[in-house]
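Data first, discussion second: the structure below is written as structure tokens.
Number of protein chains: 2
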Amino acid sequence: MKIGVIGGGQLGRMLALAGTPLGMDFAFLDPAPDACAAALGKHLRADYGDQEHLRQLADQVDLVTFEFESVPAETVAFLSQFVPVYPSAEALRIARDRLFEKSMFRDLGIPTPAFADILSQADLDAAVASIGLPAVLKTRTLGYDGKGQKVLRTPEDVVGTFAELGSVPCLLEGFVPFTGEVSLVAVRARDGETRFYPLVHNTHESGILRLSVASEGHPLQSLAEDYVGRVLKQLDYVGVMAFEFFEVDGGLKANEIAPRVHNSGHWTIEGAECSQFENHLRAVAGLPLGSTAKVGQSAMLNFIGEVPAVEQVVAIDDCHLHHYGKAFKAGRKVGHATLRSNDMATLKARIAEVEALISN
Amino acid sequence: MKIGVIGGGQLGRMLALAGTPLGMDFAFLDPAPDACAAALGKHLRADYGDQEHLRQLADQVDLVTFEFESVPAETVAFLSQFVPVYPSAEALRIARDRLFEKSMFRDLGIPTPAFADILSQADLDAAVASIGLPAVLKTRTLGYDGKGQKVLRTPEDVVGTFAELGSVPCLLEGFVPFTGEVSLVAVRARDGETRFYPLVHNTHESGILRLSVASEGHPLQSLAEDYVGRVLKQLDYVGVMAFEFFEVDGGLKANEIAPRVHNSGHWTIEGAECSQFENHLRAVAGLPLGSTAKVGQSAMLNFIGEVPAVEQVVAIDDCHLHHYGKAFKAGRKVGHATLRSNDMATLKARIAEVEALISN
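From first to last, the protein sequence lines are chains A and B. UniProt numbering applies: residue 1 is where the first sequence begins, and numbers increase by one. UniProt numbering applies: residue 1 is where the second sequence begins, and numbers increase by one.
Given below as structure tokens:
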């Protein structure tokens, strides 16, 4: 089976590493000359709206999937004429726009922070008066890793902020006094079968995920599965989806969904019986889903800006390096390490060892 | 780091799958137009003796390794002028010739079946008189998967057999009444550090490996490690080596070594903390070795001739498919499945499920 992937970054690379043993071949459409997935498949170097190359891709593959959600709607619609596309155009339409996303959560009875649609500075002023400060103004589309957003703490922060974010449609979200951030990675098959990985505790710095630790018997697991299940069913979703939540007062408030394999699920490569990458491919290819059970205790640490010396990373016991083969650049995710241990105490000691390497 | 591999079959393919996350790039030299490792790296399509392409390979990579042992000595010698080559020319010289191999075992005090060098039918007749029947006549070089050998049971089997195997140098080996076949996969680093995976029980059919089951606390583990350690040290070996033994009377008799990653170590991809493929690359690249500890109970079943329907293989719980992307052909290894379970009873049930697929 030949899989087309829109985007050729590290997620595409890890999809190919998972899918090749299933007998799959890969083709990536990505405008970047140095797309790091290209080492593992065919690289069609073209813009995401380039219909000639999209058509070429469609002609070469059995289905198309995505490694990021900001794909133009026209691209999805165009591809869908020629080849099955998973997840669906509708799932991408919702996930790429924070207003649609939050509105869907609300309609499905999933708690969210207070939010308001912002199309002008006047909208922003009115929403701040209603929701209060602190609050976070986010562009409705194209934000990631903390980009395209601004925390508003004082009335002075509000002045001129709509223009500062580019005078594009935004969402204002009430600030949530969360005690933790967790994510649930789920996979849904074409026939509707759904499986969930254990909830993951995430730690961000400057808006970028730093550390994910897979939980064991988390008290909010079944609540999170209920919420995510509602969204998956609503969208008749096919593939892996990650759902980020804030932990607030012993409950959950929905932050956002990612309609794709997700950074907070990278630990599943070594830490779960079947990884999120393999399960995404199984789902979109119409194959039976794999086990989402944990194998021991696991954590993932991102390497941001640079990967520490390989010999130092792999010298740490039970440490699995994932080097993305990308040029190093401040703020860029260029690799990660998975730790897998038989018990949590050992895992914590190993996390400290990797953290010591990162801070050096 | 860029790794050159002589041979582009499934072993090269799995090396690339293991090495890509370490930030390694791969180039394969293989004359086959459809070399299945080529999906994961650069393919230099040339004969193994083609010095122009060998030189090209050497110029592009930081080191060269092998996925099979029948590489011409001249190829190794030629490459070694330009680039580090692991394992060494000496290790390959010994391993590719059954006489050199068995003689080394004897010199190191490692028990072997009785054996004799056979350069003519007269040699064979004399050796049969001395060693007795049954016995096995094997070509000294180029044998694999039961090819290039003949079991001699009666005096009639001996007549004309030297010519039947091509009148090439052979080894006669006394038949060993073994109770089981086990292999030990080991890895030795450039600095001499050595690690061993657990002993593996192997079942062959028609000379081809069918099933490998990783053992737990095998009573012969330390004896096997002692024997394999002697060989690794003698050869100043760098990389993964597999050592096949016969279990005889509660002890071990050496069958043969493979100076490379080995089919009986494929279970380590899911079943050990660090796979044989990653450990081979770590060793040849001068990196610290990874843990050879088992993660639960594991087994590997080969798919020979054809891979069963993918949807049936992955429908088996905890079953990991490794499809080599090769054309199906009777007697050809075209894939395998790894099973990983938390207990041996579950593992055995899963093995039966995969076996049922194979026999269908």
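For each residue, glycine too, the CB sits at the ideal point set by N, CA and C.
Counting every other CB atom within 10 Å of its CB across the protein chains shown gives S222(B) a total below 16, marking it as exposed. Taking a beta-carbon distance threshold of 7 Å, H266(B) does not count as an interface residue toward chain A.
In this structure the segment 183 to 193 of chain A lies against the segment 263 to 273 of chain A, because at least three pairs of beta carbons, one per stretch, are closer than 8 Å. Contact residues of the segment 310 to 334 of chain A toward chain B are V310, E311, V314, A315, D317, D318, L321, H322, H323 and G325 (C-beta to C-beta distance below 7 Å). Taking a C-beta distance under 7 Å as the contact criterion, V307(B) and G335(B) qualify as a contact pair.
About 47 Å separates the CB atoms of H322(A) and P169(B); that is not less than 8 Å, and the two are not in contact.
Of all residues in the segment 101 to 113 of chain A, none is placed with a Cβ closer than 9 Å to any Cβ belonging to chain B. The beta-carbon of G23(B) is placed less than 7 Å from the nearest beta-carbon of chain A.
Annotation for G271(A): the continuous alpha helix (DSSP H) segment containing it runs T268 to G271.
Boundaries of the beta strand (DSSP E) harbouring L152(A): Q149 to L152, taken from the DSSP string. Annotation: the continuous beta strand (DSSP E) that includes G251(B) extends over G251 to A258.
The beta carbon of T338(A) lies closer than 8 Å to those of H266, W267, I269, E270, G271, S298, A299, M300, C319, H320 and H322 in the same chain, with the five residues before and after it left out.
Between V228(A) and F243(A), the gap from beta carbon to beta carbon is short of 7 Å. With a threshold of 7 Å between beta carbons, P155(B) makes no contact with chain A. A straight line joining the alpha-carbon of S359(B) with that of C36(B) spans about 25 Å. The segment 77 to 90 of chain B and the segment 48 to 57 of chain B touch, with three or more beta-carbon pairs separated by less than 8 Å.
When DSSP states are grouped into helix, strand and coil, A27(A) belongs to the strand group. Assigned with DSSP and collapsed to three states, M1(A) falls in coil, not helix or strand. When C-beta atoms of the segment 253 to 260 of chain B are compared with those of the segment 99 to 118 of chain B, three or more pairs fall below 8 Å, so the two segments count as touching.
Taking C-beta separations shorter than 6 Å and ignoring five residues to either side along the sequence, K348(B) has no partners in its chain.
The beta carbon of G19(B) lies closer than 8 Å to those of I3, F26, F277, E278 and L281 in the same chain, with the five residues before and after it left out. Under DSSP, V85(A) shares a beta bridge with V64(A). Its chain contains L235, Y237 and P259 as the residues whose beta carbon lies nearer than 7 Å to that of A91(A), once the 5 sequence neighbours on both sides are disregarded; these appear in chain order. L44(A) is bridged by DSSP to L29(A). According to the DSSP secondary-structure assignment, V334(A) is paired through a beta bridge with no residue. Buried is the label assigned to E173(A), since at least 16 other Cβ atoms lie within 10 Å of its Cβ. At a cut-off of 7 Å between beta-carbon atoms, P288(A) makes contact with chain B. By alpha-carbon distance to V240(A), the top candidate from L211(A), E216(A) and E193(A) is E193(A). Secondary structure at S222(A): helix, using DSSP grouped into helix, strand and coil. Sequence-distant Cβ neighbours of G7(A) in its own chain, meaning closer than 6 Å and more than five residues away, are D30, E67 and F68. For M344(B), the number of other beta carbons within 10 angstroms of its own is below 16, and it is reported as exposed. The alpha-carbon separation between S206(A) and A95(B) amounts to approximately 55 Å. Take the alpha-carbon of F162(B) and the one of Q121(B): they are about 5 Å apart.
Here G132(B) is exposed. Its C-beta has fewer than 16 other C-beta atoms within 10 Å.
One finds nothing in chain B with a Cβ atom closer than 8 Å to the Cβ of E205(A); even the nearest lies about 24 Å away.
Excluding residues up to 5 positions away in sequence, P134 and A135 lie with their Cβ nearer than 6 Å to the Cβ of F175(A) in the same chain.
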